[in-house]
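All residue numbers for the sequence shown refer to this note's numbering, where the first residue is 104 and numbers rise by one.
Beta carbons are placed, not taken as given, at the ideal position from N, Cα and C, and that holds for glycine.
No experiment lies behind these values; they were computed from the predicted model shown.
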Amino acid sequence: MTEIVTYVEMTGRDELEPASAVPGLSLEPPERDSPLVVDLLAGVGAPHGWKSARRTPEEWGAWFAAAPERTFWLLSFEGTPAGIVTYDPHPGGEVEIKSFGLLPEFVGKGLGGFALTLAVRGAWELAPAVSRVWLHTSSSDHPRALPNYRRRGFRPYRTEEAGRG
């Protein structure tokens, strides 16, 4: 199966077009070794075929070890874990939003725009000199993902075809 991967970026904090606030939706840091991190990444990714939905415990261990600077933030709605954001800082002041999403039971409830607003604000605040925030999305992801990224101010800078097995 072929998928289209679209890379999007922001190069200034002022490019964020925030969505309206959703009362009860928050972004909170978990402990890095919290089982919620794995559970949320697997749950968010399962409907879209993400690798996180099928990693073995050994593969999870290697994934965590490969990026010790990676940070995780839980999206909670009214105190219940609803999704996750994963940040990978890169040299030169760049922050990649490595993963972002809501659990299936929270999709379609009007949370996505503000959840992404919180995630993007968090990326800009991750380090003092962030100059670029970027991520990639796929045609296998939720159909509203790319439109949400664009509405928040991200602009595409690269598109490629990729095989998915």
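- Two segments are said to touch when three or more pairs of C-beta atoms, one from each, lie closer than 8 Å; by this definition the region 204-211 touches the region 134-152.
- For residue 192, the enclosing beta strand (DSSP E) covers residues 183-193.
- Boundaries for residue 220: no beta strand (DSSP E) harbours it, while the alpha helix (DSSP H) harbouring it runs 215-227, taken from the DSSP string.
- With contacts defined as CB atoms closer than 7 Å, residue 127 and residue 209 fail to qualify as a contacting pair.
- Taking 8 Å as the upper bound for CB-CB distance, residue 186 and residue 143 are in contact here, some 7 Å apart.
- The criterion of a C-beta distance shorter than 7 Å is satisfied by residue 121 and residue 220.
- Rounded to whole angstroms, residue 105 and residue 247 show a C-alpha spacing of 19 Å.
- The alpha-carbon separation between residue 263 and residue 125 amounts to approximately 34 Å.
- In the DSSP secondary-structure assignment, residue 261 is bridged to 110.
- For residue 236, the beta-bridge partners assigned by DSSP are 113 and 198.
- One alpha carbon belongs to residue 229, the other to residue 258, and they sit about 21 Å apart.
- The continuous beta strand (DSSP E) containing residue 131 extends over residues 128-131.
- The beta carbon of residue 193 sits closer than 7 Å to those of 199, all from its chain and outside the five residues before and after it, given in chain order.
- One Cα belongs to residue 117, the other to residue 242, and the distance between them is close to 28 Å.
- The continuous beta strand (DSSP E) containing residue 177 extends over residues 174-180.
- Take the alpha-carbon of residue 130 and the one of residue 190: they are about 13 Å apart.
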